[in-house]
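Here's the structure we're looking at; comments come further down.
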Amino acid sequence: MPASASSLLVVLALLAQDAAPPKGAKALAAEVYPWEVVPQDALWGHLTDGNFREPIGVFFEPTAKELYVADSKNSRVGIFDVEGTPVFSFGGAAVLLEPKSVLASQDGTILVLDADRSKLRRFNYRGEPEGFVEFRVSAKEGEAPRLVTLSAVTRDTKGRWYVADRELGRAWILDAEGKTVLELEPPIGKEHFESISDIAVSRDGLVAISDQRGEPVVHVYDANGKMIAAFGEHDIGLDNFTAAIALEFDENGFLFIVDLLRHDVKVFMPAGKMLSRFGGWFTPETRGHAPGELLYPTDIAIAPDGPIWVAERYGQRVQVFLRKPLAERQRRAPQTPVNR
């Protein structure tokens, strides 16, 4: 990386947080974020299988209240309770190569996106292999369905799948059986996304896609697949991005977006207004290693009314954050929303 680019990233990471104060988050009516996100702890490794070497994917399963961590270089998936206590891990080079992301369901099924992006590896709650899941879609009307090369995948509470194809730069919603429901429309004026890095779905059915190379960086759709917002550029400014790598909705509908190269997480309204930010680098000396700082974050998981976990690829930890209500003196009057 050129020295000038490195200096720019340091400046971006050290920029002060521009948190917007709160009032009534549940309905998102006030367009303010009513919490301060503060560091609590960090997870550093598995119970008996060593420290994390490259944790790049995290997922929280709310029924069992368990956190799943995809540790790529260790070829392992670790499972932790909501307090951060290691429960179990499975994998190893004979089972997994480079797990990139993980999903889990309330019946104990664990799905892992490994080095082979054409399928999800399926495991039971004991970490025993039980086959795989593939997705097929028709790229064009009348064409035979083709195998999806996954760049991102998630699932909603109804069992519907949300999948993005790495090669085609396109994304679909599929029903629980894997049949196509609809395709999410590409950026305006384009035939496809440049490089889909993640896809997320809210409790209310909003869908968000992050595009690591294209602009606008983030696209948001309603439950019927209609695009309702597109925002973010690859440019300076706190509400822009360098490498948006992951995103997630919380239980209130706020959208959290992880930036790999700015080493931070930003909180947005679904319509695109930035409300808050955490992470970054506080000083040139600490450079992402201090509590609350982030070092190449790659994924985020959020427990309803609970902790936030951020995986740090080269920080080799999963940092734990808590949401604390902002003091009344920190709050500001909300602005009139431009759009929903």
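In terms of numbering that gives the first Met the number 0, the sequence shown opens at residue 0 and continues consecutively.
Backbone N, C-alpha and C fix where the C-beta goes; we use that ideal spot for every residue, glycine too.
As the structure is a prediction and not an experimental result, all values here were calculated from the model.
One thing to note: Leu293 has its Cβ no nearer than 8 angstroms to the Cβ of Val317. Fully enclosed beta strand (DSSP E) runs of no fewer than 3 residues occupy 85 to 90, 100 to 103, 109 to 112, 119 to 122, 128 to 132 of the region 78 to 148, in order along the chain.
In this structure, the CA atom of Glu193 is about 23 angstroms from the CA atom of Met268. Check the Cα spacing between Ala103 and each of Glu142, Phe58, Gly83: the tightest is with Phe58. Non-local beta-carbon contacts of His288 in its own chain, meaning distances under 6 angstroms to residues more than five positions away in sequence, are absent. For Trp171, the enclosing beta strand (DSSP E) covers residues 169 to 173. Contact check for Glu232 against Ala300 fails: the beta carbons are separated by 8 angstroms or more. Close CB contacts of Gly252 within its chain, under the 8 angstroms cut and outside five residues either way in sequence, are with Leu27, Ser201, Arg202, Asp203, Leu205, Pro269 (chain order). Assigned with DSSP and collapsed to three states, Tyr32 falls in coil, not helix or strand. The C-beta distance from Ala175 to Gly158 rounds to 4 angstroms, short enough to fall under 8 angstroms. Membership of Phe59 in the beta strand (DSSP E) is indicated by the continuous run 54 to 60. Below 8 angstroms, enough C-beta pairs join the region 215 to 230 and the region 173 to 190 to call them touching: three or more. The beta carbon of Val86 sits closer than 7 angstroms to those of Glu65, Ile78, Phe79, Asp80, all from its chain and outside the five residues before and after it, given in chain order. A buried status is given to Ala207, since no fewer than 16 other beta-carbon atoms sit within 10 Å of its beta-carbon.
Per DSSP, the unbroken beta strand (DSSP E) holding Lys265 starts and ends at 263 to 267. In this chain, the beta strand (DSSP E) harbouring His218 covers 217 to 220. Non-local beta-carbon contacts of Gly177 in its own chain, meaning distances under 7 angstroms to residues more than five positions away in sequence, involve Phe134, Trp160 in chain order. Of all alpha-carbon atoms in Tyr32, Glu35, Ala69, the one lying nearest the alpha-carbon of Asn50 is that of Ala69. From the listed residues Ser137, Leu321, Ile244, the smallest Cα separation to Lys99 is found for Ile244.
The shortest C-alpha to C-alpha distance from Leu112 to any of Asp197, Thr156, Gln315, Phe240 is the one to Asp197. Closest option to Pro290, judged by alpha-carbon separation, among Pro38, Val31, Glu30, Pro33: Pro38.
Here DSSP, grouped into helix, strand and coil, assigns Glu184 to coil.
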